[in-house]
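Enquirer: Take the sequence shown: its letters are residues 108 to 163, numbered as in the working numbering.
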Amino acid sequence: MLYRKNITRPESLLRVAGGVALIAAGLWWMSASPLGLALAASGVGSILSGAFGYCP
108 MLYRKNITRP ESLLRVAGGV ALIAAGLWWM SASPLGLALA ASGVGSILSG AFGYCP
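Written out as structure tokens, the structure reads:
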């Protein structure tokens, strides 16, 4: 394993749910504006962090 998990299971689930909400907000509510795309990109980062269980 290249990394040590430092996020608990409940926190991982919250990060994934929050990431989905950020993507939805960025793409639908902000009409995919530059700020909305940045918000969606941060949502992807949150989902990846939750999926892998590691936050740098």
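For each residue, glycine too, the CB sits at the ideal point set by N, CA and C.
With distances taken Cα to Cα, identify the nearest neighbour of Ser149 among Asn113, Glu118 and Val127.
Expert: The shortest C-alpha separation from Ser149 is found at Val127.
Enquirer: Could you round the C-beta distance between Gly160 and Lys112 to whole angstroms and report it? I think they count as a contact, below 8 angstroms.
Expert: About 4 angstroms separates the two Cβ atoms, so the contact holds.
Enquirer: What do you get for Arg122, buried or exposed, if any count of 16 or more other CB atoms within 10 angstroms of its CB means buried?
Expert: So Arg122 ends up on the buried side.
Enquirer: Is DSSP giving Ala124 helix, strand or coil here?
Expert: DSSP places Ala124 in helix when its eight states are reduced to three.
Enquirer: State the Cα-Cα distance for the pair Ala158 and Ser119, rounded to the nearest angstrom.
Expert: Rounded to whole angstroms, Ala158 to Ser119 spans 7 angstroms at the Cα level.
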